[in-house]
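Visitor:
Below you can see the structure in the form of structure tokens.
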């Protein structure tokens, strides 16, 4: 069965090719159904591989499928090869599973779009690339997927490309990600020059056996982290993600919440032995960047009014949490939170899409309110997602967030404090969103009355094809915590499953104060969540406390606008300065020399036309004569 | 001294287009379709022969194959010596493929006969340059190439064509003049070592040894000619002018194969003849190459004319090839040769596409174009694939060469490589920004009638896209044939200098 794992990426690739060739003929909804079936088929294969792997002994859960030799030059041998192990199968399972649900949802969401089949073309290509990313046996195959998902993200963000904002957002995402990709490239160069291979097993073995110098390991790890900051939207490269919300909402759910943005966390986990032998401060940098991003984005989310922007900043914040975990050596917790986050964040995004769909493309939460009455199922599932992300037990997010905080506490209490404040803010802004969208008075009635003309602008519930995925995801968001319950080592299912991959890098916190008092920390987490929720209720439902949404938070601490101003101002000046330097100085020197020569020889006009023509003719003639001579001498 | 071959295929590859050019010239102007058919037949014939050479090339061999060697002017030691190895093999094949595609895809606006005759003569010159193993013969073809290109730019170019053609000609002549002196001096000075006067490349490279300073002077006399041709910063300013003013076919050929005469020259003549000087000059050329990569990309970002933008992107892309050449590791040089081919394919295709935009809209100004993706989605799709190849997205051909150059260069030129790698960020910036302005947005009135890709255009682009995809996913056939010759060249350099390749890891293997 393990040998069939190549089918996991092959099926979405086949879907892509079929839609590429026959997409227009298939049309709506067949193209969407095909794409969904391909992704679901891939999920089925992944489940088969999962069970086949379970039946093997722990140490045998590592299987390489070599497809063909990709870049063989000298000592460099890069194969197009897949690595099937617990980590890659975990990733493949949730990518294809959630992917299939979102494909299904998109059949309803994209209904009537003139580029319906093209949307699914990109979506299947994305799934294929994402699977290559996680299944890659070496850094280069992962990089193939890494860039592939970047390109698909670009296509899908600028899917409605006639809108300038969408086109700009797509470009911004690609270019910002390329900054990170530079880091990944340099990391590959360092790895090859130090170890002589790009395969994960080769690099990780070198790290484990002590053949990798500490400084090299640190360099590789930090350069990959630069890439991770780009793809996973961490400070200072997170800029593109909020703008990426210009894409259709299924894209936001799939790419910019559940899957692609977690690639950085995956990559860090994949090379955890390298991180393990790096200087200690490398891990600290990752933890600090993660914590800073988590807190930063959470403060911004508090003041957003666009329903998707709240979720976008929330995603950035939650990804920060995952990096905080990675930096604390808590890889299992990071993957755990990645999976539960994928459940509830996909749910929340799809829910917001259903709201936007039902509200006829209204995204401003100030124009919503009381929608639970007209969209009961959407509201119910969204509320499940809210409880999960806010950290209310027993929903999935509570367990994974707590697991992270446990390790962070054992590692660094200052960062624990940051994590707790972030958790508080998360509960606060998500409650704010739920109240603004689903509770309170209906502010959308005013809207339709203002514009009187639209008779059909009453919000409505979405069709079943969009609701079914919501219900399934809500179920997962409730039960996802079962993957890893903190009660005893027997309930650490995910940890046992991932053990072969992370046994080297995972930090052992047994015997620390945090581990001994984990129920106390659980209790603190519950209190924090309740405080955040209560605070938001007091402000937005009971209106007992005045609203605090300072402009600086709404504008994301002016970071994005400062960067834009710098790029548009001094950055652009430098660039056009170079272009002018080239036209004026470099080329000017050339033309100057030419002019001096021609003026001194007094044949200005001749150089312009006659002389060169004459010379060319002589040269041509000379060549002909020489060739003729050569032919006459009969040496052929 | 030379292996016996029943049919001198390489000689035929050079002469077939010349015969074609002559035939096109004598054909009656009243039957233009016959003239075109004749040109197509001869270029396709040449292409077929070059592909035959590719197919029957012995993969594992590092030596020159299909050698044809005859005395020519024996008094001066000049011989008709042709041969192909892994370094030139794919350049010959690319030339063979590119010319028929250009002839089929693009009709000149006037004077078809002369246009086609010049184009065929150009093909002969390019083929001759890649196949010659005699210094004088090489120089001859290297110079022949100038003439048709001069007339193509001057005769079928755009508004400023005379200025551009003149600049192109004078610039290249300036470089060639040094090379001519260098060639004569090389043969004269090597006479003592070799024992007789010869211009034969292999004999000179294997037997001549120059005094350190002499070798360096000679190296630079060649290097200037090649640096202009590549073009290497700061000799690049003829390129944007020539590209912008050249007719589409001229641009495709110029970017596709002619610029490679420079990078090829560095490998074939610079490193091979003067290894000591080349190793000595490494820091200079690594620096110029890296400057070219970053500087070309930055300049490309700010261009307002699509063709100028692509021209500056060529400066950046060719910088990678020079970086790889002077990094002198197996991966870097092999990657550099692969990059020659890949740049030829993707930039050739880009110029073809820009030419199609010009045919439809009669402008190349980015500001005049808008929203084309909405009215011509297939055209936009083709442009996107070619653009991603040029940006260097893995899975497409552009990545293969760039990545190999970087990974190979990092071992011997660490800091240059780290800076050069930022070129990948800038490439995304200038191409995507241009793409957004040209293809995204709502089309205005002039652009709303932009015609979709026609059948003939689509077929030609399909060949390019096919190569882009295949080479990106399965470059092994390409690399397997390039590498032996590259390794042999590096060994040649290592055995004659104190240059130490990063062998530690290879020993472990």
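Residue numbers (our numbering), protein chains in the order written: chain A, 47 to 682; chain B, 43 to 551. Glycine included, every Cβ here is placed at the ideal spot set by N, Cα and C. Predicted, not measured: the structure shown is a model, and the values here were computed from it.
1) Considering only C-alpha positions, which residue in the set B/353, B/213, B/518 and B/222 is nearest to residue 179 of chain B?
2) Under the three-state reduction of DSSP, which class applies to residue 507 of chain A: helix, strand or coil?
3) Quick one: which chain B residues come within Cβ less than 8 Å of residue 426 of chain A?
4) Count the other C-beta atoms from every protein chain shown that fall within 10 angstroms of the C-beta of residue 494 of chain B, then say buried if there are 16 or more, exposed otherwise.
5) Counting only runs of 3+ residues fully inside the stretch 110-193 of chain B, write out the beta strand (DSSP E) ranges in chain order.
6) Scan the stretch 343-373 of chain B for residues whose Cβ lies nearer than 9 Å to a Cβ of chain A and list them as they occur along the chain.
7) Which one of B/421, B/78 and B/350 has the shortest CA to CA distance from residue 629 of chain A?
8) DSSP three-state call for residue 551 of chain A: helix, strand or coil?
9) Hey, out of A/415, A/588 and A/212, whose CA is closest to residue 759 of chain A's CA?
10) To test your reading of the DSSP string, which unbroken alpha helix (DSSP H) runs of 4 or more residues are found completely within the stretch 346-408 of chain B?
11) Could you name the residues of chain A that residue 483 of chain B contacts, counting a contact when the two beta carbons are closer than 9 Å?
12) So, is residue 479 of chain B buried or exposed, given that buried needs 16 or more other C-beta atoms within 10 angstroms?
13) Under the three-state reduction of DSSP, which class applies to residue 452 of chain B: helix, strand or coil?
14) Is the beta carbon of residue 338 of chain A within less than 8 Å of some heavy atom of the ligand COA?
15) Secondary structure at residue 264 of chain B, three-state DSSP: helix, strand or coil?
16) Pick helix, strand or coil for residue 561 of chain A, following the three-state DSSP scheme.
17) If the criterion is Cβ atoms closer than 9 Å, does the pair residue 102 of chain B and residue 526 of chain B meet it?
18) Quick one: what does DSSP say residue 419 of chain B is sitting in, helix, strand or coil?
19) Using a C-beta to C-beta distance shorter than 7 Å, which residues of chain B count as neighbours of residue 684 of chain A?
20) 9 Å is my cut-off, CB to CB: does residue 105 of chain B come that close to chain A?
21) Taking the straight line between their C-alpha atoms, what separation do you get for residue 294 of chain A and residue 124 of chain B?
22) Which value, in whole angstroms, describes the spacing of the CA atoms of residue 220 of chain B and residue 121 of chain B?
23) Could you tell me which chain B residues have their CB closer than 7 Å to the CB of residue 224 of chain A, listed as they occur along the chain?
24) Are three or more beta carbon pairs between the stretch 514-522 of chain B and the stretch 379-396 of chain B nearer than 8 Å?
25) Relative to chain A, which residues along the stretch 414-440 of chain B have a C-beta separation below 7 Å, given in chain order?
26) So which residues on chain A does residue 95 of chain B lean against when the C-beta distance must stay under 8 Å?
27) For the stretch 87-99 of chain A, list every residue whose C-beta sits within 7 Å of some C-beta in chain B, in sequence order.
28) Using a Cβ cut-off of 9 Å, pull out every chain B residue sitting near residue 232 of chain A, in sequence order please.
29) Let me know if residue 234 of chain A comes out buried or exposed under the rule of 16 or more other beta-carbons within 10 Å of its beta-carbon.
30) Report yes or no: is there a C-beta of chain B within less than 9 Å of the C-beta of residue 221 of chain A?
31) Taking all protein chains shown into account, do 16 or more other C-beta atoms lie within 10 angstroms of the C-beta of residue 555 of chain A, making it buried, or fewer, making it exposed?
32) Span of the beta strand (DSSP E) holding residue 123 of chain A?
33) For residue 124 of chain B, decide whether its Cβ has a neighbour in chain A, counting only Cβ atoms nearer than 9 Å.
34) Starting from residue 116 of chain A, follow the beta strand (DSSP E) in both directions and report where the run begins and ends.
35) Can you pull the DSSP bridge partners for residue 107 of chain B?
36) Is DSSP giving residue 278 of chain A helix, strand or coil here?
Guide: Taking the coordinates as given:
1) For the purposes of this step, residue 179 of chain B is taken as residue 137 along the second chain, with counting starting at 1. The shortest Cα separation from residue 179 of chain B among B/353, B/213, B/518 and B/222 belongs to B/222.
2) As a working note, residue 507 of chain A is residue 461 in the first chain. Coil, per DSSP.
3) Residue mapping note: residue 426 of chain A aligns to position 380 of the first chain, counting from 1. Result: empty, since nearest Cβ-Cβ is about 39 Å, beyond 8 Å.
4) The sequence position of residue 494 of chain B within the second chain is 452, counting from 1. Exposed: under 16 other Cβ atoms inside 10 Å.
5) 120-126
6) 343, 344, 345, 354, 371, 372 and 373
7) For the purposes of this step, residue 629 of chain A is taken as residue 583 along the first chain, with counting starting at 1. Of the listed residues, the one whose Cα sits closest to residue 629 of chain A is B/350.
8) Locating residue 551 of chain A in the first chain gives position 505, where the first residue counts as 1. In the structure shown, residue 551 of chain A sits in coil (DSSP, three-state: anything other than H, G, I, E or B).
9) Nothing can be reported for residue 759 of chain A: it is not among the residues displayed for chain A, which extend from 47 to 682.
10) 348-369 and 372-403
11) For the purposes of this step, residue 483 of chain B is identified with residue 441 of the second chain, where counting begins at 1. The answer, in chain order, is 207, 208, 209, 210 and 213.
12) One-based indexing of the second chain puts residue 479 of chain B at position 437. Buried, since its Cβ has 16 or more Cβ neighbours within 10 Å.
13) Walking along the second chain from the start, residue 452 of chain B turns up at place 410. Under the three-state reduction of DSSP output, residue 452 of chain B falls in the coil class, being neither helix nor strand.
14) Absent from the structure shown: the ligand COA. Ligands present: none.
15) Taking the first residue of the second chain as position 1, residue 264 of chain B is located at position 222. For residue 264 of chain B, the three-state secondary structure derived from DSSP is helix.
16) Taking the first chain and counting its residues from 1, one reaches residue 561 of chain A at position 515. Looking at residue 561 of chain A - three-state DSSP - the assignment turns out to be helix.
17) The sequence position of residue 102 of chain B within the second chain is 60, counting from 1. The sequence position of residue 526 of chain B within the second chain is 484, counting from 1. A contact, by the Cβ cut-off of 9 Å.
18) Here residue 419 of chain B refers to the residue found at position 377 when the second chain is read from its first residue. Residue 419 of chain B falls in the helix class under three-state DSSP.
19) Residue 684 of chain A cannot be examined here, being either before or after the span of chain A that is shown, 47 to 682.
20) The residue labelled residue 105 of chain B in the question sits at position 63 within the second chain. It does not; no Cβ of chain A falls within 9 Å.
21) Position 248 of the first chain holds residue 294 of chain A. Position 82 of the second chain holds residue 124 of chain B. Each residue's Cα considered, the two are about 59 Å apart.
22) Your numbering for residue 220 of chain B matches position 178 in the second chain. Your numbering for residue 121 of chain B matches position 79 in the second chain. The straight-line gap from Cα to Cα measures roughly 22 Å.
23) Indexing the first chain from 1 puts residue 224 of chain A at position 178. Simply 466, 467 and 470.
24) yes
25) 415, 416, 430, 435, 436 and 437
26) As a working mapping, residue 95 of chain B is identified with position 53 in the second chain. Chain A residues near residue 95 of chain B: none, gap ~18 Å exceeds 8 Å.
27) none
28) One-based indexing of the first chain puts residue 232 of chain A at position 186. In chain order: 448, 452, 459, 460 and 463.
29) For the purposes of this step, residue 234 of chain A is identified with residue 188 of the first chain, where counting begins at 1. So residue 234 of chain A counts as buried.
30) Taking the first chain and counting its residues from 1, the one referred to as residue 221 of chain A is at position 175. Look at residue 221 of chain A: its C-beta is under 9 Å from a C-beta on chain B.
31) Reading the first chain from its first residue, position 509 is the one you call residue 555 of chain A. Answer is buried; the Cβ neighbour count reaches 16.
32) The residue given as residue 123 of chain A occupies position 77 in the first chain. First-last of the beta strand (DSSP E) with residue 123 of chain A: 122-130.
33) As a working note, residue 124 of chain B is residue 82 in the second chain. No, because no Cβ of chain A sits closer than 9 Å to the Cβ of residue 124 of chain B.
34) Counted from its first residue, the first chain places residue 116 of chain A at position 70. Taken as a continuous stretch (DSSP letters only), the beta strand (DSSP E) holding residue 116 of chain A covers 109-119.
35) Here residue 107 of chain B is taken as the residue at index 65 of the second chain, counted from 1. DSSP output for residue 107 of chain B lists B/126 as bridge partner(s).
36) For this step, residue 278 of chain A is matched to residue 232 along the first chain. The answer is coil: DSSP assigns residue 278 of chain A none of H, G, I, E or B.
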